[in-house]
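*Asks:* Take 1 as the starting number for the sequence shown in UniProt numbering and just add one per residue.
Encoded as structure tokens, here's the structure I'll be asking about.
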Amino acid sequence: MLLNVLKRLIIFLVITLTATIFSLSEVYGEPIIFDDDYLIERFVGGLKLPTTMDFVGDDILVLEKNTGKVIRIMNNGIIYDKPVLDVPVRSNFYSGLLGIVTLSDRVFLYYTESESGSDTRDPGPDAKNRVYQYDWDGVKLTNPILIKELIAQQRDDHHGGVMTKGLNDEIYFAIGDQNQLGVFENVVENPCYIIHFVNDECSSEPIYETSSIFRIHTDDNNSVELFAMGVRNSFGLGVDPVTGYLWDTENGKDHFDEINLVKPRFNSGWNNVMGPVDRKNPDPSVSQTIPPPFENFIYSDPEFSWYEPVGPTAIAFPDLTSFGKYSDWLFVGDYHHGRIYKFQLNSDRTEFIFSDQRLSDLVLDKLNDKVEKILFGKNFLTVSDIAFRHDAMYVVSISDGSIYKIYPKDPITPLKQYQVGSTHKKIVCKPGLIPIMKNSGYINCAYPKTALVLTQEIAWDINRSDMPIINLPSHDLSGINFEHINLSYSNFRESNFTSTNIANANFTSANLSGVDLSMKDLTENILTGADLRNANLAGADLSNNQLVNTILTGTDLTDANLSGADLSTANIFGIIDGINVLEKTKLKGANLTNANLTNINLIGVDISETILKGADLTGVKLERAKANNATWSDVDLSFKNLSKIRLIDASLNRSILAGAELSNAELMGANLSDADLTGAKLIDADLTNANLTGANFHMADLTGANLEGVIINETNLSCIGHDICTS
1 MLLNVLKRLI IFLVITLTAT IFSLSEVYGE PIIFDDDYLI ERFVGGLKLP TTMDFVGDDI
61 LVLEKNTGKV IRIMNNGIIY DKPVLDVPVR SNFYSGLLGI VTLSDRVFLY YTESESGSDT
121 RDPGPDAKNR VYQYDWDGVK LTNPILIKEL IAQQRDDHHG GVMTKGLNDE IYFAIGDQNQ
181 LGVFENVVEN PCYIIHFVND ECSSEPIYET SSIFRIHTDD NNSVELFAMG VRNSFGLGVD
241 PVTGYLWDTE NGKDHFDEIN LVKPRFNSGW NNVMGPVDRK NPDPSVSQTI PPPFENFIYS
301 DPEFSWYEPV GPTAIAFPDL TSFGKYSDWL FVGDYHHGRI YKFQLNSDRT EFIFSDQRLS
361 DLVLDKLNDK VEKILFGKNF LTVSDIAFRH DAMYVVSISD GSIYKIYPKD PITPLKQYQV
421 GSTHKKIVCK PGLIPIMKNS GYINCAYPKT ALVLTQEIAW DINRSDMPII NLPSHDLSGI
481 NFEHINLSYS NFRESNFTST NIANANFTSA NLSGVDLSMK DLTENILTGA DLRNANLAGA
541 DLSNNQLVNT ILTGTDLTDA NLSGADLSTA NIFGIIDGIN VLEKTKLKGA NLTNANLTNI
601 NLIGVDISET ILKGADLTGV KLERAKANNA TWSDVDLSFK NLSKIRLIDA SLNRSILAGA
661 ELSNAELMGA NLSDADLTGA KLIDADLTNA NLTGANFHMA DLTGANLEGV IINETNLSCI
721 GHDICTS
């Protein structure tokens, strides 16, 4: 018997490892689209386990599962500096901040709320799955109103949480079985189990609402209706924009994931059946029998099934502007393989049509059917949501922390976009072209050089507020004249600006990540809120520039002139606990004379050869920083934590270091002449060959410090170390 168990274990491990290797081979590649008419780009990265998203105005709201934060993203991919909401979540297993729907000035959220008032990953009873309505004022979410409360079992994956909206602003949301076996899981032997209440005369056991899809009637005081039951768990809900029918994806146990057409009073069958009822299910706990009658809920087979689980997640219907060729299709994402599937609808949009006869049984059998026939894309790591807007398909990859954008190479003409209902701001131009409004009041698309010539000679405009953004990522813009042009909110990610004239251009909140602007004069440019992540600004002149809310994560500022610049709220992308972080930014040799560096975190950063004369360093963190050969004359560093800082051969003459923590600092050859080190801690600091002429070390602690070769002319060394001093 033991031998048989070992054999089964070995077989299981081999199968598991094989499946794992297969999956990894897919997910470590770049995302691929199997349609040459479309392009793909990473729209935004750096998110923390993003689950679902929705659009609000021109922006995107995306949920972070474990942080409880609702993140706002501009339509050019820039993340706003602060979340619009932060709620306390319990995030173990699949719980957390899970679902979102936006309705103009209202936003609905589904999340596992921690009763402790703070985020937790520990399983425990102090949490509930709740649906709230919030008011949206264009900046933040306020005035929460509880719509529905559901259980949140301590150790169960099946929290559901996905949400979607219908054609009349009704809202649907799902919850999984929560490891329950009751009426909503088709266990109806107990006649006291009825939907609307618990009959205390029959049973004192509570009946939890699980395995269900609910509908919120937003036009009827947010009343909630049970819409479907028998759903094991769902990460995907979508409403057909033509018929108004609801569709879902459902996760099987060990076999038969599903896609279902969900009409009112639908019974999906769990836990009696998964997949088609006439197909054998190897799971002995699933009887594969039609559920017994219960009220007026009716079972029907799924419209499609996967025999081997893929973890289907999002289900979405395309936008006609960007995906008009797929007007009779729907798209589904999966978690296990990072794939996007495409399914063609029949004429009444209630079933699927397959060109491959092997799928005529509506089941993808791993051994017999080729998945490529229904694939639209792959290598998204783990797809958690798909959403469409007029310009593109947006794909959320939870494990990748990214949102990808898939858009047509050749979008339909602006005229046809107007004909399908697009407004000025929603017009999409072909890659490489930019929108330009002619005097007739309609938008055309033109090459940048042509557009800029037209604006100078004819009554054309590219700067009106009701126009779409300029979207030119990864384009060659060399030789183009953008002088004095308002390029706010434009997307120039990784574009070539060699010999581009950008003098006095306004780049407010523009996406300039990965752009090479080295040696350019940017003194008259507006860069407030611009995304300069990983950009090359080496040697650039940014003197007196207001870099308020500018993102500088990974930016190369080597030898840049930042004198007089305001960096106090720069690099919002890297904010940690309210303190700005420049840990990946290259500042070597930068001129920061009179710069405002308030609250900047420079822990461990290489700031060698920088000039900080007159800079405001209030709240700056500098421990372990490398500042060799830096010029920090006349800088106020009083009471700063400079432990383990490297200031070899640095110029610190006349600097104020009173009360500073300089233990284990490397100050070899540093010029500390006339510096004020009153009460500073220099325990085990290395001051070899340092110039201490005229420096004040009154009450400084030099215990264990290396003072070999120091110059101490007129140095005040009174009452140092552990001497007993009197005032």
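Cβ atoms here follow ideal geometry from the backbone N, Cα and C, with glycine treated the same way.
For the beta strand (DSSP E) containing Thr558, name the first residue and the last one.
*Replies:* Where Thr558 is concerned, there is no enclosing beta strand (DSSP E), given that its DSSP letter is neither H nor E.
*Asks:* Leaving out the 5 sequence neighbours to the left and right, which residues in its chain are closer than 7 Å to Phe22 when beta-carbon positions are compared?
*Replies:* Here Phe22 scores only 38 on pLDDT, less than 50, and its place in the model is too uncertain to base an answer on.
*Asks:* Given a cut-off of 7 Å on the beta-carbon distance, is the pair residue 798 and Thr508 in contact?
*Replies:* Past the boundaries of the shown model lies residue 798; the chain is included only from 1 to 727, so the question cannot be answered.
*Asks:* Just to confirm the assignment: which complete alpha helix (DSSP H) runs, minimum length 4, are found wholly within the stretch 390 to 439?
*Replies:* 414 to 419, all fully within the stretch 390 to 439.
*Asks:* For Gly529 and Arg42, I'd like the C-alpha separation in whole angstroms.
*Replies:* Distance between the alpha carbons of Gly529 and Arg42 is about 20 Å.
*Asks:* Kindly give me the distance between the Cβ atoms of Asn463 and Pro414, rounded to whole angstroms, as I take these residues to be in contact under 8 Å.
*Replies:* Wrong, their Cβ atoms sit about 18 Å apart, outside the cutoff.
*Asks:* With distances taken from CA atoms, which of Glu666, Ala695, Thr688 is nearest Asp676?
*Replies:* If we check each option's Cα against that of Asp676, Ala695 comes out closest.
*Asks:* Report the three-state DSSP secondary structure of Arg349 (helix, strand or coil).
*Replies:* Here Arg349 sits in coil by DSSP.
*Asks:* Using the C-alpha atoms, what's the distance from Val44 back to Ser405?
*Replies:* For the sequence presented, residue 405 should be read as Lys rather than Ser. Whole-angstrom Cα-Cα distance: 9 Å.
*Asks:* Out of Gly244, Asn471, Ala560, Trp136, point me to the one whose CA is closest to Tyr172's CA.
*Replies:* Per the Cα distances, Gly244.
*Asks:* Tell me which same chain residues have a C-beta within less than 7 Å of the C-beta of Asp59, skipping the five on either side of it?
*Replies:* Counting only Cβ-Cβ distances below 7 Å, and skipping sequence neighbours, we find Arg72, Ile73, Met74, Asn75.
*Asks:* Which stretch, first to last residue, makes up the alpha helix (DSSP H) that contains Thr450?
*Replies:* Start and end: 448 to 457.
*Asks:* Specify the secondary structure class of Val183 as computed by DSSP and reduced to three states.
*Replies:* In the structure shown, Val183 sits in a helix (DSSP, three-state: H, G or I).
*Asks:* Using 10 angstroms around the beta-carbon of Ser322, count the other beta-carbons present and answer buried if the total reaches 16, otherwise exposed.
*Replies:* Under this definition Ser322 is a buried residue.
*Asks:* Label Gly68 either buried or exposed according to how many other C-beta atoms from any shown protein chain fall within 10 Å of its C-beta, with 16 as the threshold for buried.
*Replies:* Gly68 comes out buried.
*Asks:* Quick one: Cα of Lys325 to Cα of Gly564, how far?
*Replies:* Looking at the two C-alpha atoms, the distance is approximately 53 Å.
*Asks:* Please list, in chain order, all residues of the same chain as Ser223 whose beta carbon is under 7 Å from its beta carbon, the five residues on each side excluded.
*Replies:* These residues qualify, in order along the chain: His217.
*Asks:* Cα separation between Leu141 and Thr693?
*Replies:* C-alpha separation (whole angstroms): 58 Å.
*Asks:* Should Lys613 and Asp634 be called a contact, given that it needs their Cβ atoms to be closer than 7 Å?
*Replies:* A contact, by the Cβ cut-off of 7 Å.
*Asks:* How would you write the range of the beta strand (DSSP E) that Glu113 sits in, first residue to last?
*Replies:* From DSSP, the beta strand (DSSP E) with Glu113 extends over 106 to 114.
*Asks:* In the structure shown, what three-state DSSP assignment does Val89 receive?
*Replies:* DSSP places Val89 in strand when its eight states are reduced to three.
*Asks:* Let me check understanding here. Comparing Cα to Cα, which of Tyr307, Val183, Asn346, Ile340 lies closest to Asn272?
*Replies:* Cα-wise, what sits closest to Asn272 is Val183.
*Asks:* May I ask which residues mark the beginning and end of the beta strand (DSSP E) holding Leu246?
*Replies:* Taken as a continuous stretch (DSSP letters only), the beta strand (DSSP E) holding Leu246 covers 246 to 250.
*Asks:* Quick check on Tyr38: does DSSP put it in helix, strand or coil?
*Replies:* Here Tyr38 sits in strand by DSSP.
*Asks:* So the beta strand (DSSP E) Phe55 belongs to, where does it begin and stop?
*Replies:* Looking at the DSSP string, the run of the beta strand (DSSP E) that includes Phe55 is 50 to 56.
*Asks:* Kindly indicate which three-state DSSP category Arg121 falls into: helix, strand or coil?
*Replies:* Coil at Arg121, not helix or strand.
*Asks:* Considering only the alpha carbon of each residue, which of Lys128, His336, Ala680 lies closest to Ala700?
*Replies:* The shortest C-alpha separation from Ala700 is found at Ala680.
*Asks:* For Gln153, which of helix, strand or coil comes out of DSSP?
*Replies:* Three-state DSSP puts Gln153 in coil, outside helix and strand.
*Asks:* Would you kindly check if the distance between the Cβ of Asn260 and the Cβ of Pro302 is under 7 Å?
*Replies:* Against a cut-off of 7 Å, the Cβ pair of Asn260 and Pro302 comes out as a contact.
*Asks:* For the beta strand (DSSP E) that Phe214 lies in, which residues bound it at each end?
*Replies:* 212 to 217 is the span of the beta strand (DSSP E), which, as asked, contains Phe214.
*Asks:* Looking at the strands, I want to know which residues DSSP matches up with Lys148.
*Replies:* In DSSP, Lys148 forms a bridge with Val131.
*Asks:* Based on the DSSP output, what are the partners of Gln357 in its beta bridges?
*Replies:* Gln357 pairs with nothing; no bridge assigned.
*Asks:* Taking the straight line between their C-alpha atoms, what separation do you get for His390 and Val101?
*Replies:* His390 and Val101: Cα-Cα distance of roughly 17 Å.
*Asks:* If we count the other Cβ atoms within 10 Å of its Cβ and call it buried at 16 or more, is Glu225 buried or exposed?
*Replies:* The residue in question, Glu225, is exposed, as its Cβ has fewer than 16 Cβ neighbours within 10 Å.
*Asks:* Between Tyr134, Cys429, Glu185, which has its C-alpha nearest Tyr447's C-alpha?
*Replies:* Taking only the C-alpha atoms, the option nearest Tyr447 is Cys429.
*Asks:* For the structure I just gave you, are there three or more beta carbon pairs, one from the stretch 120 to 130 and one from the stretch 76 to 93, closer than 8 Å?
*Replies:* Counting Cβ pairs under 8 Å, three or more are found: they touch.
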